[in-house]
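Participant: Below is one structure. I have some questions about it.
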Amino acid sequence: MDALLSKLINYFLIASLLIASFVIFLNVILRYFFNSGVVGSEELVRYLIIWNIFIGGSSLVLSGEHLSMDAFIKQCPEKIKVVMNLMIYLIGIVFSFALVVYSAGVIEKLTMSNTPALQIPSYIPYLAIPIGSLLTALRYMHRFYLDGRLLVRGEV
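Heads up: the sequence shown runs through residues 2 to 157, numbered per the numbering used here.
Given below as structure tokens:
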């Protein structure tokens with residue numbers, strides 16, 4: 002299941018970056034040669050990048066590349082490293098779920114408005130926050146389970 006989710010996330014990240022790059026390239030060509038551009042292209046690219054940041058963050062958690070202050074942790078014995086990582090994962094889970102909960106209120110307030118250029122419902126770009134945060138929380142829970150299992154089994 003996790004492998005399938007990882008593939009879907011990676012495909013989404015690749016597709017959205019390709020689309021954003023193509024839209025930017027097309028807009029540059031149109032502005033340079035024809036003195037015009039695609040209406041809403043900047044807004045579309047901005048929203049694609051926002052989605053990339055929030056969805057891509059969950060991939061960083063799974064691969065262990067998410068931001069952390071590991072200079073101190075690297076100096077610790079293996080068992081303490083695992084315990085500290087478990088604490089980091091718990092903080093990540095709480096923070097991610099807090100983002101899910103608090104962003105729901107923001108999205109609810111945006112249901113009646115549209116974005117300026119694309120005229121899509123305003124909540125669609127903001128859905129990246131709860132969806133990406135939920136995925137991140139799930140990934141932190143997965144990492145917590147894997148490291149916790151090592152600690153319980155005494156494999157550390």
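C-beta atoms are modelled at their ideal positions from N, C-alpha and C, and glycine is treated no differently.
Determine the burial state of Ser64: buried for a count of at least 16 other Cβ atoms within 10 Å of its Cβ, exposed for fewer.
Facilitator: Numbered from its first residue, the sequence shown carries residue 64 at position 63. When all chains shown are included, Ser64 counts as exposed.
Participant: According to DSSP, is Asn115 part of a helix, a strand, or is it coil?
Facilitator: If you number the sequence shown from 1, residue 115 lands on position 114. Strand, per DSSP.
Participant: Decide if Asn86 is buried, meaning its Cβ has at least 16 other Cβ atoms within 10 Å, or exposed.
Facilitator: As a position in the sequence shown, residue 86 is number 85, starting the count at 1. Classification for Asn86: buried.
Participant: Report buried or exposed for Val62, applying the criterion of at least 16 other Cβ atoms within 10 angstroms of its Cβ.
Facilitator: Here residue 62 corresponds to residue number 61 of the sequence shown, with the count starting at 1. It is buried - the Cβ of Val62 has at least 16 other Cβ atoms within 10 Å.
Participant: Along the chain, where does the alpha helix (DSSP H) containing Val62 start, and where does it finish?
Facilitator: Here the question's residue 62 lines up with position 61 in the sequence shown. Run containing Val62: Ser42 to Ser64, per the alpha helix (DSSP H) assignment.
Participant: For the alpha helix (DSSP H) containing Val153, name the first residue and the last one.
Facilitator: In the sequence shown, counting from the first residue as 1, residue 153 sits at position 152. Element bounds for Val153: Ala129 to Arg154.
Participant: Is the segment 26–43 touching the segment 98–111, taking contact as three or more C-beta pairs under 8 Å?
Facilitator: No contact exists between the segment 26–43 and the segment 98–111.
Participant: Report the CB separation of Ala21 from Ile50 in whole angstroms; it is logged as a contact under 8 Å.
Facilitator: Residue 21 sits at position 20 when you count from the first residue of the sequence shown. Residue 50 sits at position 49 when you count from the first residue of the sequence shown. Sure, about 6 Å apart at Cβ, within 8 Å.
Participant: What residues match up with Pro122 in a beta bridge as DSSP calls it?
Facilitator: As a working note, residue 122 is residue 121 in the sequence shown. DSSP lists Asn115 as partners of Pro122.
Participant: So, do the segment 136–151 and the segment 104–113 have three or more beta carbon pairs nearer to each other than 8 Å?
Facilitator: In short, these stretches do not touch, since the Cβ pair count stays below three.
Participant: Which residues mark the beginning and the end of the alpha helix (DSSP H) in which Ser37 is found?
Facilitator: Position 36 of the sequence shown, counted from the first residue, corresponds to residue 37. Premise fails: Ser37 is in no alpha helix (DSSP H) and is neither H nor E.
Participant: Is the separation between the beta-carbon of Pro126 and that of Thr116 shorter than 9 Å?
Facilitator: On the sequence shown, position 125 is the one that residue 126 refers to. On the sequence shown, position 115 is the one that residue 116 refers to. Yes, they are a contact pair.
Participant: Please classify Lys8: does DSSP put it in a helix, a strand, or coil?
Facilitator: The residue labelled residue 8 in the question sits at position 7 within the sequence shown. Three-state result, Lys8: helix.
Participant: By how many angstroms is the C-alpha of Tyr33 removed from the C-alpha of Ile89?
Facilitator: Within the sequence shown, residue 89 is the residue found at index 88, counting from 1. Within the sequence shown, residue 33 is the residue found at index 32, counting from 1. Answer to the nearest angstrom: the Cα atoms are 49 Å apart.
Participant: Can the beta-carbon of Ile10 be found closer than 9 Å to that of Gly41?
Facilitator: In the sequence shown, counting from the first residue as 1, residue 10 sits at position 9. In the sequence shown, counting from the first residue as 1, residue 41 sits at position 40. No. Outside cutoff.
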